[in-house]
Every structure is written in structure tokens, then in C-alpha cells.
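Encoded as C-alpha cells, the structure appears first; notes follow it.
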Amino acid sequence: MLTPTGELVSTALSTGCAVGAFNVITVEHAEAIVTGAEQAGRPVILQISENAVRFHHGRLAPIAAAARAVADASTVPVALHLDHVESDELLAQAAANGFGSVMYDASRLPYDRNVAATSAAARACRRAGLWIESELGEVGGKDGAHAPGARTDPVEAAAYVTATGVDALAVAVGSSHAMHTRTARLDHGLIAQLRDSVQVPLVLHGSSGVPDDELTAAVHAGMAKINIGTALNLAFTGAVRTTLGDRPDLVDPRRYLAPAREAMAATVARAVRLLGVPVRG
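Count the sequence shown with my numbering and you get residues 35 to 315, in order.
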């Protein structure tokens, strides 16, 4: 069932859990993510990035329609999120294509320009009825909030949220995009400081490289939305390699995409179960 992103995040916060947000590249990704969420009995967010739209020849509508159809048929709540949007033209297409939320990414810009661009995006999202997430970034840095060693300053983060009017904030606390090993160590003290300073939900990007205990601690410290992408691709591609290695004669893609989709679903189920364990008092 298609559900607003803000509703899923608010429910997660109220129960001391976090909601998993998983990257969709193909329709098999959407099917696997929702299957995994159904297996675990947990809500989930399907997110399509601007990079994924670029992969689909710059056309948002077809992959969005596929993801929306999968979400509508789900037995658990599913939100649709447009991720890492830098293009105002793409932002303007979000509501018409069924998205409930957008992550507007101006994190590569210097602070003042980031605030100006994100404020304008937030106003546009309000008019369209969209929940908006943003990223503060690393001041003066070209690699954004997830440059090596980048950390979000709690005071600056609070000022940024007030100035922009965003509904959620992605913060730099030690994770990094596209990690293939789960070796990241997070600054849980900083997460707690950000939770106390910032009056909107916190989002962790680059979570594929974060071990289970670190993720659980991050949720307990205050993270409400956990983004996972690379871990799905590792499971999917690994299963394809294994299947074709065992059966090099295969030419029907269904024969190797089906086990790949199952492997991805298992990865999702495991992750959402982990994120659904409430904070212990």
C-alpha cells in the first residue's frame, strides 16, 4: 500500500525504530525490496535517485510507474521517494509521478548557496504536498556530506534546518556511499547531539558499509531513516555471477534474474528486521 514518507518516518520515530530506504534501479529492485519488507512484516521506502533516472535515458515516468505499481500491490506500507535530486526540472516531476517525498541535494554548494537553493526547493515541495529531505554538506568541500572525515556540526545543522524549512536532514557521522565492506564506524555521540539540536528526523546515507551493531546503535542514538543501496547490488550481482557460473549456457534472463531478486529480497528482509527493533528502555 502506497503511504506518505513522512508518515512512515514519524511512526518509526514514535516507536523507537527506523525505516529502511532502499535504492531502486530496475523493476526487479522494486519487487525484491517490497518482497523483503513483506517477509519481515515491516514498512519500507522505495527510492529512485537522479542517477537511476539518468540510467533510464533521463525518463522518470516509466520506472516511477513500475515502482508505484509494486508499492500499491504491497501488503505492507511502502513510500516512494525521489533521491539525490539536483535538477529543478526533475524535482518538478516528483508529485505528478506519485512520489511522496524528495531528497533535494545541494550539498556540493557552499553553505549560503545551499541554503538558498534548498529553501526554494522546500517552498516548491510545500506547494506540491511533498515531504523534503536535504543534506547540509561539508562547507567548502566538493564531495558533500560524505567526503572522508566529514562531520555535521550540530549548531550549523540546527541553523540550516531553520533557514531552509526542510522536513528531514541527512547528516555526516562517519558513513560513506558505495562501500563494499561493512567497516564504517559511526560517531554515535555526534548523532545524539544532532538529535537534540535538530528538530527534524535524521537520515543516514551510505549505510551499506555500516555493521549491524553500528546501525542498531545509530538508530538508538536518533537516526530515523536509513538509506541502503550498494548492499542490494552486491547481493543481486553476486547471485547473477553464481547462477551464470553454474549454468554458462543460460540465455533466458529470467533464469538468473529470479535468484538475484530472491537474494536481494533476503538482504532487505534482514535489514528491515534489524531496523525494526525498538529502543530498549
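Here a beta-carbon is modelled for each residue, glycine too, at the ideal position from N, C-alpha and C.
Span of the beta strand (DSSP E) around Ile166: Per DSSP, Ile166 is one residue of the beta strand (DSSP E) stretching across Trp165 to Glu169.
Leaving out the 5 sequence neighbours to the left and right, which residues in its chain are closer than 6 Å to Met395 when beta-carbon positions are compared? Outside the displayed range of the chain (35 to 315) lies residue 395, so it cannot be described from this structure.
What does DSSP give as the partner residue(s) for Tyr138 in the beta ladder? Paired residue(s): Val119 and Ser168.
In the DSSP assignment, find the unbroken alpha helix (DSSP H) run with Met298 in it and report its ends. Where Met298 is concerned, the enclosing alpha helix (DSSP H) stretches over Pro287 to Leu309.
Throw me the rounded Cβ distance for the Thr39 and Ser135 pair, which I believe falls under 8 Å. Thr39 to Ser135, Cβ: 4 Å. Contact.
Quick check: the region 108-117 against the region 81-88, are there 3 or more CB pairs under 8 Å? The region 108-117, when compared against the region 81-88, does touch it at the 8 Å Cβ threshold.
With distances taken between CB atoms, is the gap from Leu236 to Leu249 smaller than 9 Å? In this structure, Leu249 does not lie closer than 9 Å to Leu236 by Cβ.
Is the CB-CB distance between Asn261 and Tyr194 below 9 Å? For Asn261 and Tyr194, no; Cβs fall outside 9 Å.
Can you give the Cα-Cα distance for His91 and Ala292, rounded to whole angstroms? Going by C-alpha positions, His91 is about 25 Å away from Ala292.
Please name the residue in Asp246, Val244 and Thr152 whose C-alpha comes closest to that of Met137. Minimum Cα distance to Met137 is reached at Thr152.
Tell me, to the nearest whole angstrom, how far the beta carbon of Leu308 is from that of Tyr290; I am working on the premise that it is less than 8 Å. Wrong, their Cβ atoms sit about 28 Å apart, outside the cutoff.
With Ser48 as the anchor, note down where its alpha helix (DSSP H) starts and where it stops. Its alpha helix (DSSP H) spans residues Thr39 to Ser48.
Is there a Cβ from chain B that is less than 9 Å from the Cβ of Ala251? This model lacks chain B altogether, as it is built from one protein chain only.
Among Gln233, Asp221, Thr60 and Ala155, which one has its Cα closest to the Cα of Glu190? The candidate whose alpha carbon is nearest that of Glu190 is Gln233.
What I want to know is whether the C-beta of Arg157 ends up closer than 8 Å to one or more non-hydrogen atoms of the ligand PLP. What this structure holds is no ligand at all, so the ligand PLP is not there to describe.
On the DSSP bridge list, what partners appear for Leu238? Per DSSP, Ile260.
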